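**Student:** Take this structure, written in C-alpha cells, and hold onto it; I'll ask about it next.
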Amino acid sequence: MNLPSPLDLSGRTALITGSTRGLGASAARCLAGLGATVAINGRDPAVVAQRCREIEASGGKALEAAFDVTDRAAIADAVAGIAATRGGLDILVASAAFYLTKPVEQTSDDELESLFATKFSSAFVAVRCAIPHMKARGWGRIVLVSSIGVIASGGRAPADAAASGALATLAKAVSTSLAPHGITCNAVAPGFIDTEMTQRYRDEPGNAAWIAGRVPAGRWGRPDEIGWPIAFLSTEAASFITGHTLIVDGGITSSY
Ligand SMILES: NC(=O)c1ccc[n+]([C@@H]2O[C@H](COP(=O)([O-])OP(=O)(O)OC[C@H]3O[C@@H](n4cnc5c(N)ncnc54)[C@H](OP(=O)(O)O)[C@@H]3O)[C@@H](O)[C@H]2O)c1
C-alpha cells in the first residue's frame, strides 16, 4: 500500500528549547529525521551552531536559535523571528532545564526561582508566544518535557518534581482551549535516561545494580527513547491525543 505517512513532518517548523544536548537534542534529531526544520536552542551560540551543522550533515534542516530561556523577551523575539523566516511555527518542544537535587529545607529562594524560571516559566512563555502562530495555521503541536517525578519522585529532587508537575498540569490545562484550533498539547514524563544531566548518578557506586533492580527494563533509557515519543506526539498520527502525560520509563512507575 502507498499511503501518505501521518508521521511525515516535511514543511513543518519546530522550536525545541534546550536542544544542544540530552533529550532536547534527541527530539530535534528525531523531528529533523521526520522532515521538520528544527530551531536549535541553548545559551551558547557556538554550541547551537555546531548542533545545527551536525543535523545538516545528516541531511536535516536546522536553524540557530541561541538564547537564554529565562529571558522572556528573548523567547518572544526568537518565536517571532522563526515564524517570520519560516512563515509560521508548527511545533514547540520545551526541554530546557537544569537539575536541582536538594531537600526543601536546603533549597534557597534563588535556586527555587531559577529552577522554575528555566524549567516551567520558560515553557509557559514559549507556549504563549507560539499559540498565535499555530492558530493562524489551524495546526500545532506542543510537547512539554516533564518527569516521572509527577508520579513517584523518590524525594531526591522536590523542586524539580514540582516544576515537572506544573508542566504536566499546564499541558492538560491549555489542551482544551487549543483543541478546537487543531493544536494539541501534551507532556512527556521520562524516567531515568542517560544524558549529561544524569551522568553523576550513573557514576555513583552501585547505581547499575540499583537501576537493574528497580527498572523493569533493567537499564537506563537512551535519549532517542524519549526523542521518538516526542516526535510522534508532534505528528499528524497523534492528532487526537491531547492533555496527556506520556510516561516513558521502562516500567519503573508501574512496579513497586
Ligand atoms: N535525563 C533524565 O533522566 C530526565 C528524566 C526526567 C526528566 N528529565 C527532564 O528532561 C529535561 C531535559 O533534561 P536533559 O537530561 O536533556 O538535560 P541536559 O542534558 O542537561 O540538557 C539540558 C538542556 O537545557 C539547556 N538549557 C539549560 N538552561 C538553559 C537556559 N537557561 N536557556 C536555554 N537553554 C538552557 C541546555 O543547553 P545549554 O547548557 O547549552 O544552554 C541543554 O540543551 C529536563 O527538564 C529534565 O528535568 C530528564
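Quick note on our numbering: the sequence shown kicks off at 2 and runs consecutively. We treat Cβ as the ideally placed atom computed from N, Cα and C, and that holds for glycine. The structure displayed is predicted, hence computed values, not measured ones.
Could you name the residues that DSSP lists as bridge partners for Glu65?
**Tutor:** Answer by DSSP bridge pairing, in chain order: Ile41.
**Student:** Contact between the region 214-234 and the region 188-195: three or more CB pairs below 8 Å?
**Tutor:** The region 214-234 is in contact with the region 188-195.
**Student:** Find out if the Cβ-Cβ distance for the pair Ala239, Leu171 is shorter than 8 Å.
**Tutor:** Cβ atoms of Ala239 and Leu171: not closer than 8 Å.
**Student:** Which residues bound the alpha helix (DSSP H) around Val128?
**Tutor:** Where Val128 is concerned, the enclosing alpha helix (DSSP H) stretches over Ser123 to Arg138.
**Student:** Quick check on the burial criterion: 16 or more other C-beta atoms within 10 angstroms. Buried or exposed for Trp221?
**Tutor:** So Trp221 counts as buried.
**Student:** Taking the beta strand (DSSP E) that Arg142 belongs to, which residues open and close that run?
**Tutor:** Taken as a continuous stretch (DSSP letters only), the beta strand (DSSP E) holding Arg142 covers Gly141 to Val146.
**Student:** Kindly provide the ranges of any alpha helix (DSSP H) runs that are 4 or more residues long and lie completely inside the region 176-207, ordered along the chain.
**Tutor:** Correct list: 200-203.
**Student:** Would you mind giving the Cβ-Cβ distance between Leu93 and Ile41, rounded to the nearest angstrom? I have them listed as a contact below 8 Å.
**Tutor:** With a Cβ gap of about 13 Å, Leu93 and Ile41 do not count as contacting.
**Student:** Can you look up Ala153 in the DSSP assignment and give me helix, strand or coil?
**Tutor:** Ala153 falls in the coil class under three-state DSSP.
**Student:** Going by CA-CA distance only, name the one from Leu113, His134, Thr21 and Leu8 that's closest to Thr77.
**Tutor:** Reading off the sequence shown, one finds Ala at residue 77, where the question assumed Thr. When only C-alpha atoms are compared, the closest one is His134.
**Student:** Check whether the Cβ atoms of Thr38 and Thr14 sit closer than 8 Å, and answer yes or no.
**Tutor:** Contact: yes.
**Student:** Could you round the C-beta distance between Ala167 and Phe99 to whole angstroms and report it? I think they count as a contact, below 8 Å.
**Tutor:** Between Phe99 and Ala167 the Cβ distance is about 16 Å, and since that is not below 8 Å, they are no contact.
**Student:** Using 10 angstroms around the beta-carbon of Thr243, count the other beta-carbons present and answer buried if the total reaches 16, otherwise exposed.
**Tutor:** Buried, by the Cβ-count rule.
**Student:** Should Ser11 and Gly34 be called a contact, given that it needs their Cβ atoms to be closer than 8 Å?
**Tutor:** Not a contact, by the Cβ cut-off of 8 Å.
**Student:** If we count Cβ pairs, one from each stretch, closer than 8 Å, do we get three or more for the region 147-166 versus the region 99-108?
**Tutor:** The region 147-166, when compared against the region 99-108, does touch it at the 8 Å Cβ threshold.
**Student:** Buried or exposed for Ala210, please, with buried defined as at least 16 other CB atoms from any protein chain shown within 10 angstroms of its CB.
**Tutor:** Flag for Ala210 reads exposed.
**Student:** In the structure shown, what three-state DSSP assignment does Gly222 receive?
**Tutor:** In the structure shown, Gly222 sits in a strand (DSSP, three-state: E or B).
**Student:** Take Ala25 as the anchor and find which of Gly252, Thr177, Leu90 and Ser147 has the nearest alpha-carbon.
**Tutor:** First, the residue type needs correcting, since residue 25 is Gly and not Ala in the sequence shown. Closest by alpha carbon: Ser147.
**Student:** Can the beta-carbon of Asp195 be found closer than 8 Å to that of Arg203?
**Tutor:** Contact: yes.
**Student:** Distance, Cα to Cα, Lys136 vs Thr71?
**Tutor:** Distance between the alpha carbons of Lys136 and Thr71: 25 Å.
**Student:** Check each candidate in Val48, Ala58, Val126 and Ser6 and name the one with the smallest Cα separation from Ala81.
**Tutor:** Minimum Cα distance to Ala81 is reached at Val126.
**Student:** Residue ranges of each beta strand (DSSP E) run of no fewer than 3 residues wholly in the region 67-103, ordered along the chain?
**Tutor:** The qualifying runs are 92-95.
**Student:** Less than 8 Å separating the beta-carbons of Ala164 and Leu234?
**Tutor:** Not a contact, by the Cβ cut-off of 8 Å.
**Student:** Along the beta strand (DSSP E) that carries Ala15, what are the first and last residues, could you check?
**Tutor:** First-last of the beta strand (DSSP E) with Ala15: Thr14 to Thr18.
**Student:** Is Thr21 helix, strand or coil by DSSP?
**Tutor:** It is coil, neither helix nor strand.
**Student:** Check whether the Cβ of Leu171 lies closer than 7 Å to any heavy atom of ligand 1, and answer yes or no.
**Tutor:** Not so, every heavy atom of ligand 1 lies at least 7 Å from the Cβ.
**Student:** So which of Thr86, Ala29, Ala84 and Asp69 has the shortest CA-CA distance to Ser59?
**Tutor:** Ranking the options by Cα distance to Ser59, first place goes to Ala29.
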